[in-house]
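Residue numbers (my numbering): 69 to 427. Note sheet for the following structure.
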């Protein structure tokens, strides 16, 4: 099969770093003397979980690790895959390692994208092979692994937290795209708007640049101005699409802000959800859930306030009822936190399910 010409590859693929030195951002992990840089230089790959928002380099780092150790790289999407894909990865790793003859003693890295979408039994399927050293496991997740990854798997993998790219990082990516002629000249104010729109997500930035490049070519434009950018993108300047990946990233950010006791960030993400078209009753249900799971017995009044806010919205509707929801969000953010009841409930549920001593 012929290789795809670079000019026909997506911009994100054309600009994907080929070496560690080309990676933009994540210097708290990849800079000299930093944890992931040490891991790359150690000569021995280890299982890890890369936790961070979309478009910050999780897949790129995993690929670079495979290149650094000359390892076979197998990708599994937890969104689409299952135990069958895990079995196939095991077989490929055995062949590469030479189990059964014919292999070359080559390492394998199994990269699981969105690992939090695998259920417990699917995650457990990796354990014996990680323990035996058949392959190195790298999981990527946008969710807190302490809550979404099995403790058994978590105990066998280092967790690295990736951060959203800074405005400076994103500007470097725009400059790189311009340097290879992938996009026409861009007005400075338009670059600033693109960087703000990307919101720390390199993939989102590159996909948007590609959209602009195609539109500019069709219209024979030699410069992307701010006015034209807004005309082309229009409603796409929304941060997320209702029900899509960005939607769940944003509701996750709201949860994390409340859990982190940050009222300003909590209110910001709540308003971002409303501005993006989220159904207020959906948000009301999520607020009630946060009250029970994250505040719990530390402040029982939080549960009543969350329920009252939902009832207020049902009676008043928009926009007046949204104020009640916003005030509930602020209250939850500043309230004392305890997930003891939530954790105890889940532990008791799991114990009863596993208890074989009952008649």
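All residues carry an ideal CB built from backbone N, CA and C; glycine is no exception.
DSSP three-state call for residue i: helix, strand or coil?
i	result
residue 207	strand
residue 334	helix
residue 347	coil
residue 176	strand
residue 81	helix
residue 357	helix
residue 309	Only weak support exists for where residue 309 lies, its pLDDT of 49 falling under 50; the coordinates are left without a value.
So the candidates are the options; which of them puts its Cα closest to the Cα of residue i?
i	options	result
residue 339	288, 382, 392 and 328	392
residue 394	258, 281, 129 and 354	354
residue 409	377, 363, 374 and 401	363
residue 208	197, 186 and 195	186
residue 248	231, 344, 419 and 80	80
residue 132	321, 149 and 107	107
residue 78	279, 218 and 193	279
residue 111	264, 231, 136 and 101	136
residue 195	229, 154, 412 and 284	154
residue 294	260, 266, 320 and 327	260
residue 86	99, 94, 134 and 96	134
residue 357	374, 98, 341 and 343	374
residue 272	284, 285 and 301	301
residue 117	216, 156 and 412	216
residue 190	418, 149, 126 and 352	149
residue 138	144, 413 and 176	176
residue 319	332, 329, 299 and 342	342
residue 203	188, 95, 398 and 140	140
residue 328	276, 267, 383 and 399	399
residue 220	210, 200 and 188	188
residue 324	299, 290 and 359	359
residue 244	218, 267, 274 and 98	274
residue 267	213, 418, 144 and 317	317
residue 201	213, 212, 211 and 158	158
Would the beta-carbon of residue i fall within 8 Å of that of residue j?
i	j	result
residue 250	residue 82	yes
residue 142	residue 162	no
residue 104	residue 129	yes
residue 378	residue 403	no
residue 205	residue 242	no
residue 151	residue 231	no
residue 237	residue 121	no
residue 326	residue 401	yes
residue 233	residue 345	no
residue 292	residue 239	no
residue 119	residue 228	yes
residue 361	residue 407	yes
residue 127	residue 192	no
residue 352	residue 337	no
residue 174	residue 198	no
residue 91	residue 146	no
residue 235	residue 297	no
residue 252	residue 284	yes
residue 114	residue 226	yes
residue 441	residue 349	Since the first residue of the chain shown is 69 and the last is 427, residue 441 is not available in this structure.
Check for me: the alpha helix (DSSP H) holding residue i runs from which residue to which?
i	result
residue 381	369-384
residue 87	Residue 87 -> no alpha helix (DSSP H), and no H or E assigned at all.
residue 294	294-301
residue 445	Within the shown structure, residues of the chain are numbered from 69 to 427, placing residue 445 beyond reach of any answer.
residue 275	270-286
residue 421	408-422
residue 100	Per DSSP, residue 100 belongs to no alpha helix (DSSP H) and is neither H nor E.
residue 395	388-402
residue 132	126-136
residue 156	151-165
Quick one: is residue i near chain B, going by C-beta distance under 8 Å?
i	result
residue 407	In the displayed structure, chain B is absent; only one protein chain is listed.
Along the chain, where does the beta strand (DSSP E) containing residue i start, and where does it finish?
i	result
residue 143	140-145
residue 119	116-119
| query | Which full runs of the beta strand (DSSP E) of 3+ residues lie inside the segment 178-264, going along the chain? | reply | Counting only runs that start and end inside the segment 178-264, the beta strand (DSSP E) elements of at least 3 residues fall at 204-209 and 226-229.
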